[in-house]
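**Student:** In the order they appear, the protein sequences are chains A and B.
Start counting the first sequence at 913; every next residue gets the next number (the working numbering).
Start counting the second sequence at 8; every next residue gets the next number (the working numbering).
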Amino acid sequence: MTRESRPEKATPERRLSSQEMERFTECVLPYLDAAYNLARYLVRDPHEAEEAVQEAFLRAIRHFEGFRGVDGRAWLLSIVRNTCFTQLRRRRPGSERVEFDEEIHSPREEDSGPEADLTSATTAESVREGLDQIAVEYREVLVLRELEGLSYKEIAHVAGVPMGTVMSRLARGRRQLLLALRVGAREND
Amino acid sequence: MVCREVMDRLSPFLDDELDPVASRAVAHHLESCPSCSAAIDRQRKLSESLRHDLEYHRAPDLLRARVVRDVRAAAGRERARAGPAAPSWRWLSAAAAVIAVVGGTWVLAIMPRVLGDDATAREAVSGHIRSLMANHLTDVASTDQHTVKPWFAGKLDYSPPVTDFAAAGYPLVGGRLDYLQGRPVAALVYLHRKHIINAFVWPEASAHEQLAPAVTQQGYHVIHGVHAGMKYWVVSDLNEEELAVFARMFVAPSAKPSQGAVPPQR
Chain A
913 MTRESRPEKA TPERRLSSQE MERFTECVLP YLDAAYNLAR YLVRDPHEAE EAVQEAFLRA
973 IRHFEGFRGV DGRAWLLSIV RNTCFTQLRR RRPGSERVEF DEEIHSPREE DSGPEADLTS
1033 ATTAESVREG LDQIAVEYRE VLVLRELEGL SYKEIAHVAG VPMGTVMSRL ARGRRQLLLA
1093 LRVGAREND
Chain B
8 MVCREVMDRL SPFLDDELDP VASRAVAHHL ESCPSCSAAI DRQRKLSESL RHDLEYHRAP
68 DLLRARVVRD VRAAAGRERA RAGPAAPSWR WLSAAAAVIA VVGGTWVLAI MPRVLGDDAT
128 AREAVSGHIR SLMANHLTDV ASTDQHTVKP WFAGKLDYSP PVTDFAAAGY PLVGGRLDYL
188 QGRPVAALVY LHRKHIINAF VWPEASAHEQ LAPAVTQQGY HVIHGVHAGM KYWVVSDLNE
248 EELAVFARMF VAPSAKPSQG AVPPQR
């Protein structure tokens, strides 16, 4: 992704020309809500989400010359998610956090068992709690898909991974969530 | 296709991301396999639950204000360096004045109309942004059209038509007094998929019946129209298509059965 290969030499004092300002206001600013929503689900704290979004917008202004496309939403959201992941790493420094590995973080065959069948007894609360329990990489694609309605291609752009990875993360994320709901339902018995 | 292959493709099938051939093969298998169709059913219910139960967190007003301030600040210094950067419409307006003087009176008849709509669109968008920023979305918060409509009585010298479109997925959430085109106007607030729509209405005796195509103004979509002696301006960050569906219902509610029959999404 260009934003990662770009050297951090651009100063925070980078200015937008009035033309850029107009384009930024038209193409990027309208997605502030989408940015905040994604940040809320990634960092899971209102204040940290606000911090991340403001930081992401500063980065977006700084790197606006790199914005060539027309899809301001995916462009902004990719900056937001990177800012959030940096913040998460800072929060849990060093070896505390195991690098995400789909093979490790997906359910093993033997304990896959029956998934939860969502009934009327499955409350909104338990769905929210279930989402909190799964790996942030799964939560990310689920939020982008279900709440933002992005296509696999757009999600791939935002998360900076190939489309095949988007597909497998969504499948595994849903499966994990269904398993988490099943466990939750059993604990409540 | 065997069960194993189908299970691997449930997610993209559900998301409509399979190629047509694979999609048909999965659909075909699901017809005759109870266990796979139970699995897709679970996934579909999960999807619905996520869309329905998870909150869409809108940016708090304070964050919005901070971000807008940052963007303005980034542009501000540039402007200070380069001198005042006049927006293009202001040049257009100045040019119109020059042409009008030089070229005769016919320009006067045309330019004010074009500039008038442009200026009104700007005012409508400002009104929309203001309502979101200042935490002042509604003066009367009600989903009941019979509460909202009488509220305007005595505050305006006309009675705006107020209809709830909840059945089509565009519920009324309230009303507000706003100020556009140098006069107090009725602002009706609707919601669609968590996007806010501001709809401004005021009387317009002379204009022709019309429904203009959407224009984009600072990233917001704006549609205006005239119907039965009322002028309508609708503004939202909603996509153009869904806003157009709303505008058709809102501007001419009587045309609803034929034109507004679009199922609500999500």
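Here a beta-carbon is modelled for each residue, glycine too, at the ideal position from N, C-alpha and C.
Less than 7 Å between C-beta atoms, sequence neighbours within five positions excluded: which residues of the same chain meet that for A:Met1079?
**Tutor:** Contacts found: Tyr1064.
**Student:** Could you spell out where the alpha helix (DSSP H) holding B:Thr223 opens and where it closes?
**Tutor:** It is not in any alpha helix (DSSP H) - B:Thr223 instead sits in the beta strand (DSSP E) that spans 222 to 224.
**Student:** Using 8 Å as the limit for Cβ to Cβ distance, is A:Asp1023 near chain B?
**Tutor:** Confidence is the limiting factor: at A:Asp1023 the pLDDT is only 46, short of 50, which leaves the residue's position unreliable and the question unanswerable from this model.
**Student:** Taking only the alpha-carbon atoms, compute the straight-line gap between B:Val109 and B:Arg79 and give it to the nearest angstrom.
**Tutor:** For B:Val109, the predicted structure reports a pLDDT of 43, less than 50, and the residue's modelled location is therefore unreliable. A value from the coordinates is still provided. One C-alpha to the other measures close to 37 Å.
**Student:** Report yes if the CB atom of B:Leu187 is closer than 8 Å to the CB atom of B:Glu130, and no otherwise.
**Tutor:** Yes, they are a contact pair.
**Student:** Have a look at the DSSP bridge pairing and note the partners of B:Gln217.
**Tutor:** DSSP, once it has assigned bridges, lists B:Val233 as partnering B:Gln217.
**Student:** Between the Cα of A:Ala986 and the Cα atoms of A:Ala946, A:Leu1091, A:Ser930, which residue gives the shortest distance?
**Tutor:** Nearest option by C-alpha distance: A:Ala946.
**Student:** Bridge partners of B:Gly181, per DSSP?
**Tutor:** DSSP lists B:Val196 as partners of B:Gly181.
**Student:** Since I believe B:Ala82 is in contact with A:Ser930 (beta carbons under 8 Å), could you give me their beta-carbon distance rounded to a whole number of angstroms?
**Tutor:** The pair is a contact, with the Cβ atoms about 6 Å apart (cut-off 8 Å).
**Student:** Using DSSP with H/G/I as helix, E/B as strand and the rest coil, what is B:Leu163?
**Tutor:** Looking at B:Leu163 - three-state DSSP - the assignment turns out to be strand.
**Student:** Please state the DSSP three-state secondary structure of B:Ala206.
**Tutor:** In this structure, B:Ala206 counts as strand in the three-state DSSP scheme.
**Student:** Just to confirm my understanding: we take A:Ile1067, look at its own chain, exclude 5 residues before and 5 after, and list those with CB closer than 7 Å. What are they?
**Tutor:** Around A:Ile1067: Val1053, Leu1056, Arg1057, Val1078.
**Student:** Quick one: grab the DSSP three-state call for B:Pro168.
**Tutor:** Looking at B:Pro168 - three-state DSSP - the assignment turns out to be coil, as it is neither helix nor strand.
**Student:** Which two residues bound the contiguous alpha helix (DSSP H) that contains B:Ser39?
**Tutor:** Here the alpha helix (DSSP H) through B:Ser39 covers 27 to 39.
**Student:** Out of B:Arg190, B:Val233, B:Val33, B:Val229, which has the shortest C-alpha to C-alpha gap to B:Ala212?
**Tutor:** When only C-alpha atoms are compared, the closest one is B:Val233.
**Student:** By DSSP, does B:Leu187 sit in helix, in strand, or in coil?
**Tutor:** Correct three-state label for B:Leu187: strand.
**Student:** Take B:Val208 and list the residues in its own chain whose beta-carbon comes closer than 6 Å to its own, dropping the five residues that flank it on each side.
**Tutor:** Only Pro167, Ala193, Met237, Tyr239 meet the Cβ criterion.
**Student:** Specify, as a first and last residue, the run of the alpha helix (DSSP H) that B:Asp15 falls within.
**Tutor:** B:Asp15 -> alpha helix (DSSP H) spans 10 to 15.
**Student:** Compute the distance between the beta-carbons of A:Gln966 and B:Leu69, then report whether it is under 8 Å.
**Tutor:** No, Cβ-Cβ distance for A:Gln966 and B:Leu69 is not below 8 Å.
**Student:** Quick check on the DSSP output: what are the complete alpha helix (DSSP H) runs of length 4 or more inside the segment 1025 to 1088 of chain A, in order along the chain?
**Tutor:** The qualifying runs are 1036 to 1045, 1048 to 1054, 1064 to 1071.
**Student:** What are the partner residues of B:Val240, as DSSP defines its beta bridges?
**Tutor:** The sequence as given places Trp at residue 240 of chain B; Val does not occur at that position. DSSP lists B:Phe207, B:His231 as partners of B:Trp240.
**Student:** Hey, how far is the Cα of B:Glu12 from the Cα of A:Gln1088?
**Tutor:** Those two C-alpha atoms are separated by around 19 Å.
**Student:** Does the structure place the segment 36 to 43 of chain B close enough to the segment 1031 to 1050 of chain A that three or more beta carbon pairs sit under 8 Å?
**Tutor:** Taking 8 Å as the limit for Cβ pairs, the verdict is that the segment 36 to 43 of chain B does not touch the segment 1031 to 1050 of chain A.
**Student:** Would you say A:Ser1007 lies against chain B (beta-carbon separation less than 8 Å)?
**Tutor:** With a pLDDT of 39 at A:Ser1007, under the threshold of 50, the modelled position of that residue is not reliable, and the figure given next carries that caveat. No, its Cβ sits nowhere closer than 8 Å to a Cβ of chain B.
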